[in-house]
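J.:
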Amino acid sequence: MNIVQSEDDELIEELLKSDKIWYCGQCFSCKTRCPRGNSVASVILALRRLAIHYGYFAESEKGRQQLIAKRVFGENMLKRGYTLLAQNISPSHFPELGENWEYYYDHMREMREWWGVPMDLENSPGSHRMIPEQDMEEVRTIYQKTGAVSLMDAVEKGMEKKLGSKAEVEKYWQTWLETGDSRNYEIK
Numbered sequence: 161m162n163i164v165q166s167e168d169d170e171l172i173e174e175l176l177k178s179d180k181i182w183y184c185g186q187c188f189s190c191k192t193r194c195p196r197g198n199s200v201a202s203v204i205l206a207l208r209r210l211a212i213h214y215g216y217f218a219e220s221e222k223g224r225q226q227l228i229a230k231r232v233f234g235e236n237m238l239k240r241g242y243t244l245l246a247q248n249i250s251p252s253h254f255p256e257l258g259e260n261w262e263y264y265y266d267h268m269r270e271m272r273e274w275w276g277v278p279m280d281l282e283n284s285p286g287s288h289r290m291i292p293e294q295d296m297e298e299v300r301t302i303y304q305k306t307g308a309v310s311l312m313d314a315v316e317k318g319m320e321k322k323l324g325s326k327a328e329v330e331k332y333w334q335t336w337l338e339t340g341d342s343r344n345y346e347i348k
């Protein structure tokens, strides 16, 4: 907060390029704890938007991970209406989930059929149902009108600028898909 209140453009730019603004979990418990009702989380949210808008996010490791958030959560939301799908939780990325998860992951479709919670059927029960296209159009319209799609596009453009090309952005993405750790991509 001190840096933001300092109105020092150089310090603020340095903050926007750092990992610091990405550490906040956005739980907003700071607001309920503050005797004055202030919300540091709201300021951090604004700083994150600025970092993405100006491309500064790509200067930090945690900032670059916004590409992963955009491509997993953002694109899932626009395609399926859910931020996270079970097929996104690969056992190789999350070994701590153990062998039961690995078995479920490998046999997800059959197990869900057996349980009577099929995947990919419109209006079926459970988190893998297909949301009717008319409803999905409403979701996409909300994302468009609120600026979320523009923000998602800015993440792609900022990463391309930082890494030098769309091909390098795809290499970064593939590195994460293969290893589960964006730090395995070497920034040139």
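Note that the numbering used here has the sequence shown beginning at 161, numbered continuously upward. Cβ atoms here follow ideal geometry from the backbone N, Cα and C, with glycine treated the same way. Remember, it's a predicted structure, so these values are computed and weren't measured experimentally.
(1) Which residues bound the alpha helix (DSSP H) around T339?
(2) Provide the residue(s) that pair with M290 in DSSP beta bridges, ordered along the chain.
(3) Check this for me: beta carbons of V200 and M161, under 8 Å apart or not?
(4) Our contact map puts M290 next to E298 with C-beta atoms below 8 Å; I'd like the distance itself, whole angstroms only.
(5) With DSSP as the reference, label E346 as helix, strand or coil.
(6) For H288, count the other beta carbons within 10 Å of its own beta carbon; 16 or more makes it buried, fewer makes it exposed. Which is it?
(7) With DSSP collapsed to three states, give me the class of H213.
(8) Tell me the DSSP secondary structure of M268 in three-state form.
(9) Using C-beta distances below 6 Å, list every residue in its chain close to K191, excluding the 5 sequence neighbours before and after it, in chain order.
(10) CB M319 to CB Y332, shorter than 8 Å?
(11) CB-CB under 6 Å to Y242, same chain, minus the five flanking residues each way: which ones, in chain order?
(12) Tell me whether K177 sits in a helix, a strand or coil according to DSSP, three-state version.
(13) Could you work out which residue in G324, G276, W336 is closest to E219 when comparing CA atoms only?
(14) If you draw a straight line from the alpha carbon of V329 to that of R300, how long is it in whole angstroms?
T.: Reading from the atomic positions:
(1) For the purposes of this step, residue 339 is taken as residue 179 along the sequence shown, with counting starting at 1. Start and end: 326-339.
(2) The sequence position of residue 290 within the sequence shown is 130, counting from 1. For M290, which the question treats as bridged, DSSP gives the partners E282.
(3) Counting from one through the sequence shown, the residue named residue 200 turns up at place 40. Counting from one through the sequence shown, the residue named residue 161 turns up at place 1. Result yes, Cβ atoms of V200 and M161 sit closer than 8 Å.
(4) Position 130 of the sequence shown, counted from the start, is the residue given in the question as residue 290. Position 138 of the sequence shown, counted from the start, is the residue given in the question as residue 298. Not really, about 15 Å apart at Cβ, beyond 8 Å.
(5) Counting from 1 along the sequence shown, the entry for residue 346 is found at position 186. Note: E346 maps to coil in three-state DSSP.
(6) Taking the first residue of the sequence shown as position 1, residue 288 is located at position 128. Result: buried.
(7) Sequence index remark: in the sequence shown, residue 213 carries index 53 (1-based). Three-state DSSP puts H213 in a helix.
(8) Taking the sequence shown and counting its residues from 1, one reaches residue 268 at position 108. M268 falls in the helix class under three-state DSSP.
(9) In the sequence shown, counting from the first residue as 1, residue 191 sits at position 31. Within the same chain, K191 has close Cβ partners S199.
(10) What you label residue 319 is simply residue 159 of the sequence shown in a count that begins at 1. What you label residue 332 is simply residue 172 of the sequence shown in a count that begins at 1. Contact flag set, yes.
(11) In the sequence shown, residue 242 corresponds to position 82, counting from 1. Closer than 6 Å at Cβ, skipping near neighbours: N236.
(12) Here residue 177 refers to the residue found at position 17 of the sequence shown. Looking at K177 - three-state DSSP - the assignment turns out to be coil, as it is neither helix nor strand.
(13) Translated into positions along the sequence shown, residue 219 becomes position 59. The shortest Cα separation from E219 among G324, G276, W336 belongs to G324.
(14) For the purposes of this step, residue 329 is taken as the residue at position 169 of the sequence shown. For the purposes of this step, residue 300 is taken as the residue at position 140 of the sequence shown. Straight-line Cα distance between these residues: approximately 24 Å.
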